[in-house]
Amino acid sequence: MNEFCYWTDDEIEQLFRALDLPSNVALDKLLSLRVQPAHYAGGAHFVKPRLEDIQHSADTLSALCVDRQGQFCNNPQEGFAALSHVWSQGLGADDDNRGLHKSLLDQVFDKVEPLGVRWIWTDSLAIPGGKRALSLLEEELKGTLINAMADIYRQAKYVIVLDALCLRLDSDDPVDVAAVLCLGTWMTRMWTYQEIKLATNAIIATKSGFVGFSTIVNSLKSLALEEAGQTWDEDAAGKYPSLARTFFRLQRDDDLGITLPDVAIGCGYREAWDRLDYARAVFPTLGIEWRTKYDTQEAMRVLYKTQKHHATRLCLFHGPPRASLPGWAPAVFNGLVDSKVIEPGKWESRGMRRTWLTTKVKSIIPSKPDRLVLALESDFDEQALTVGFISEQTLKESPESVKAFKTAVAQGNAYLLADESLVPPRRFSRIGLLVER
Numbered sequence: 001m002n003e004f005c006y007w008t009d010d011e012i013e014q015l016f017r018a019l020d021l022p023s024n025v026a027l028d029k030l031l032s033l034r035v036q037p038a039h040y041a042g043g044a045h046f047v048k049p050r051l052e053d054i055q056h057s058a059d060t061l062s063a064l065c066v067d068r069q070g071q072f073c074n075n076p077q078e079g080f081a082a083l084s085h086v087w088s089q090g091l092g093a094d095d096d097n098r099g100l101h102k103s104l105l106d107q108v109f110d111k112v113e114p115l116g117v118r119w120i121w122t123d124s125l126a127i128p129g130g131k132r133a134l135s136l137l138e139e140e141l142k143g144t145l146i147n148a149m150a151d152i153y154r155q156a157k158y159v160i161v162l163d164a165l166c167l168r169l170d171s172d173d174p175v176d177v178a179a180v181l182c183l184g185t186w187m188t189r190m191w192t193y194q195e196i197k198l199a200t201n202a203i204i205a206t207k208s209g210f211v212g213f214s215t216i217v218n219s220l221k222s223l224a225l226e227e228a229g230q231t232w233d234e235d236a237a238g239k240y241p242s243l244a245r246t247f248f249r250l251q252r253d254d255d256l257g258i259t260l261p262d263v264a265i266g267c268g269y270r271e272a273w274d275r276l277d278y279a280r281a282v283f284p285t286l287g288i289e290w291r292t293k294y295d296t297q298e299a300m301r302v303l304y305k306t307q308k309h310h311a312t313r314l315c316l317f318h319g320p321p322r323a324s325l326p327g328w329a330p331a332v333f334n335g336l337v338d339s340k341v342i343e344p345g346k347w348e349s350r351g352m353r354r355t356w357l358t359t360k361v362k363s364i365i366p367s368k369p370d371r372l373v374l375a376l377e378s379d380f381d382e383q384a385l386t387v388g389f390i391s392e393q394t395l396k397e398s399p400e401s402v403k404a405f406k407t408a409v410a411q412g413n414a415y416l417l418a419d420e421s422l423v424p425p426r427r428f429s430r431i432g433l434l435v436e437r
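The structure is reproduced here in structure tokens:
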């Protein structure tokens, strides 16, 4: 991970010594909470809102919250805390549509008791979901409630981040919390991006208490400034700048707002169980109305059209295959390998217009399946070569695009577009776009 490339082995070992980890359990298999059925013999084991409660929440776009006793209330006067968690770490809705086990709810309220929180909002109860197939009504309710999520996370007194790894961290040091959060599963999920990006007051739960997200950002920024100076946010090297940039990009900033490049970089390494969520989870973040009829392709097109200016800055986003429309944009944002956010072009009906540095591809030299060794026309070298790397995602999902480019090369219609000169050689790769004229 880039955040740790300047950490020493001793610093990593010291970080792990502060973690209370079970033996023989992979980090990505840890649970935040575990059902404890033995303590609930003979009683109601599950908490679940009535369908009428969910319907009212959808009709009013309000927050359907639950208290320790399992009672529900829309927009409680005392306020509420919203949970930001990973479903697979124990707090997801029951696959048999029974709701949330009461023992899980009690554990959550035990943890947040020092905060004085009476009401909690969690998507596990408030929004129909899970791995089971939803009814048509549930799908419609889910679509409506997704449009309420932005306000819910903004209005929450706290957005409480529950990550299984952080919950085992016996430290309240902001750097420790940031580092462990980077290693946890919470940072890898699509939905948690919008939850932290919209939060007014986010706090991270650890074994020893809670640490404010703003405290983490401010501490890292101060350390990055001390280590790298004013250029800490411009790819400066060092232990703290990379970590600081990661968290600075996630913090809510009402003055700057949120742009498509922000979202694309922020979600480039995140995953979702449902492919539709690669697009759907972005809608609340950008304040765009979600409609149940959208599929992934149409949803991404809507996202791009709402910010055409910024969308054109993402054509050098390497990893996912291209969209069908616009054909120069990534199909989704996950699967990022490398990227360069460029100056905007002009979105036109037939494509995108901007100034490029253009090189004709003369031929392809046989090589490994995941790369193209390209012979280029060049004023500097008659035997100019470059290597284009094909992402794993493109090979799996869009092999026809690779085949089409090879055909274009054979027909003399293939070009390499770049935003910077290809010479002189340098240590790190440049991002380009292979196209057919």
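According to UniProt numbering, the sequence shown is numbered sequentially starting from 1. Backbone N, C-alpha and C define an ideal beta-carbon position, used for all residues, glycine too.
- In the three-state DSSP reduction, His45 falls in the coil class, being neither helix nor strand.
- Within its own chain, the residues whose Cβ lies closer than 7 Å to the Cβ of Leu167, once the five positions on either side in sequence are excluded, are Ser32, Ala205, Thr206 and Lys207, listed in chain order.
- Looking at Asp254, Thr246 and Ile127, the one whose alpha-carbon comes closest to that of Ser62 is Ile127.
- In the DSSP secondary-structure assignment, Lys346 is bridged to Arg353.
- Per the Cβ contact rule, the segment 95 to 103 is not in contact with the segment 179 to 190 (fewer than 3 Cβ pairs under 8 Å).
- Here Pro320 really is in contact with Asn334; their C-beta atoms are around 7 Å apart, less than 8 Å.
- Within the model, the alpha-carbon separation for Pro399 versus Leu165 is close to 37 Å.
- The beta carbon of Leu433 lies closer than 7 Å to those of Cys315, Leu316 and Leu417 in the same chain, with the five residues before and after it left out.
- Per DSSP, Ser84 is one residue of the beta strand (DSSP E) stretching across Ala81 to His85.
- Assignment of Phe248 by DSSP, reduced to helix, strand and coil, places it in the helix class.
- With respect to the 9 Å criterion, His85 and Thr246 are not classified as neighbours on the basis of their beta carbons.
- If you draw a straight line from the Cα of Ser363 to the Cα of Gln393, it is about 24 Å long.
- Secondary structure of Asn2 (DSSP, three-state): helix.
- In the DSSP assignment, Thr386 forms a beta bridge with Leu374.
- Your pair Glu138 and Thr292 does not check out as a contact, with CB atoms roughly 10 Å apart and the cut at 8 Å.
- Counting only runs of 4+ residues, the alpha helix (DSSP H) found wholly inside the segment 137 to 216 occupies 149 to 155, 174 to 183 and 190 to 198, in chain order.
- In the three-state DSSP reduction, Asp110 falls in the helix class (H, G or I).
- In the DSSP annotation of this structure, Val409 is not part of any beta strand (DSSP E); the continuous alpha helix (DSSP H) holding it starts and ends at Pro399 to Ala410.
- A Cβ-Cβ contact shorter than 9 Å links Gln194 with Met149.
- Sequence-distant Cβ neighbours of Gly388 in its own chain, meaning closer than 7 Å and more than five residues away, are Arg371, Leu372, Leu374 and Leu434.
- Tyr304 sits in a helix when the DSSP states are folded into three classes.
- Membership of Ala58 in the alpha helix (DSSP H) is indicated by the continuous run Leu51 to Thr60.
- The continuous alpha helix (DSSP H) containing Glu11 extends over residues Asp9 to Arg17.
- With respect to Gly70, Val35 sits apart: the two C-beta atoms are not nearer than 9 Å.
- When secondary structure is reduced to three states using DSSP, Arg437 falls in the coil class, being assigned neither helix nor strand.
- Taken through DSSP and simplified to helix, strand or coil, Lys340 comes out as coil.
- Taking 9 Å as the cut-off, the Cβ atoms of His318 and Ile431 count as close.
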